[in-house]
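Have a look at the structure below, then the notes.
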Amino acid sequence: MVRPVLVFLILAVVVSSSSKPTERKSRVHHEEPLSALEHDDQKNFDYDHEAFLGQEEAKTFEQLPPEESQRRLGIIVDKIDTNRDGFVSEEELKAWIRNAQRKHIYDSVEHQWKDFDLNGDGRISWDEYRNVTYGSYLDDPPKEPEYNYTYMMSRDERRFRVADRNGDLIADKQEFTAFLHPEEHEYMKDVVVQETIEDIDKNGDGFIDLKEYIGDMYMSQDGEEEPEWVATERQQFSEFRDKNKDGKMDKEETMDWILPSDYDHAEAEAQHLLHESDANQDGKLSKKEILDKHEVFVGSQVTDFGEALLRHDEF
Ligand SMILES: *[C@@H]1O[C@H](CO)[C@@H](O)[C@H](O)[C@H]1NC(C)=O
Ligand SMILES: *[C@@H]1O[C@H](CO)[C@@H](O)[C@H](O)[C@H]1NC(C)=O
């Protein structure tokens, strides 16, 4: 049996709260960095390579002879140029980088796909998802269930219906990705906020008040002195989260909290790569411009050797 989405959440909560009661649990979704490496083009282009290719692929390129690395870069350029006008625009570059940034998400969806696609038709219906996830519960409901499966199922179905944009209750790969990773998709944000409020809003009034906000991250233990960060959080709530100062967070305020509009790494990197390689400064990149600056985009055995020479001027 595959675990439903909510069980993952519940387990995460249980694990984090049983390990250290005063440890802060975060509901905030931040954008992931493009690479864990330092971005310093004076030293090397390793950061750009990982941002452009993803970590795994960047490693592969480093093993390639320069001609092969450039040949593959040429193929990639054709893929990035999605409107096929012969140029790579900033938007196209950004979309490509965004894709590399989220590759592990696509990989994980790919990995789970065949568990859910029971009839192997390349799409996943709500019935298939429900049967796989809740089948054993539905066939033989336990007397004292550990979780409220009825609630979990209705919540999953609601999320599935939002992810399923054309309303046929069958998810294609994109829709199923949005279902499993809603915080990465603009059109799923409302349902993410709704689920979060439902989790935290103990009195069921549709808002998160200060007590509920703190109660979600901190459970006081008998005799324990309240850690300092709890006081800081109270202050955060009153000063920043509760923008209209009515003592509670509504949907909009909750969205600003859990889905902050972070610095857009993919956009910044697209602008950077464009700036580095746009020789004629027309705001877009030809294949030749990219290949002329191949060392910025992809590595190869020789560029590393070249960088080693640059770094060690004693040679
Ligand atoms: C789901 O399970 C029910 C009951 O076992 C079965 O009748 C139905 O055909 C299944 N649907 C799919 C899509 O597998
Ligand atoms: C489980 O959830 C359903 C749907 O939200 C609700 O109607 C029901 O009362 C809940 N059952 C328990 C035991 O809490």
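Numbering (mature numbering (1 follows the signal peptide of the UniProt record, and there is no 0)) for the sequence shown: -19 to -1, 1 to 296.
Using N, Cα and C, we set each Cβ at its ideal position, and we do this for glycine too.
The closest heavy atom of ligand 1 lies 8 Å or more from the beta carbon of L15.
Here G228 is exposed. Its C-beta has fewer than 16 other C-beta atoms within 10 Å.
Near ligand 2, meaning a beta-carbon closer than 6 Å to one of its heavy atoms, we find N129, T131, Y132, S135. For E233, the closest alpha carbon among the candidates F97, T177, Q44 is that of T177. When secondary structure is reduced to three states using DSSP, K269 falls in the helix class. Residue pairing for F68: DSSP places it in a beta bridge opposite S267. For Y28, same chain residues with a beta-carbon under 7 Å away, outside a window of 5 residues either side, are S16, L18, E19, H20 in chain order.
Considering only K274, K265, A260, G196, the residue with the shortest C-alpha distance to G67 is K265. Taken atom to atom, the span from the alpha-carbon of I78 to that of Q282 is near 23 Å. If you check the C-beta of R111 against ligand 1, you find a heavy atom less than 8 Å away. Scanning its chain for C-beta atoms nearer than 8 Å, with the 5 sequence neighbours on each side dropped, one finds around D243 the residues H11, E12, in chain order. Between L254 and F278, the C-beta gap is smaller than 9 Å, which places the two residues in contact. In this structure, the alpha-carbon of E205 lies about 20 Å from that of E193. Relative to A144, the option among S135, A249, T158 whose CA is nearest is T158. For S106, the Cβ falls inside the 8 Å cut-off from some heavy atom of ligand 1.
Not one heavy atom of ligand 1 lies closer than 8 Å to the C-beta of D153.
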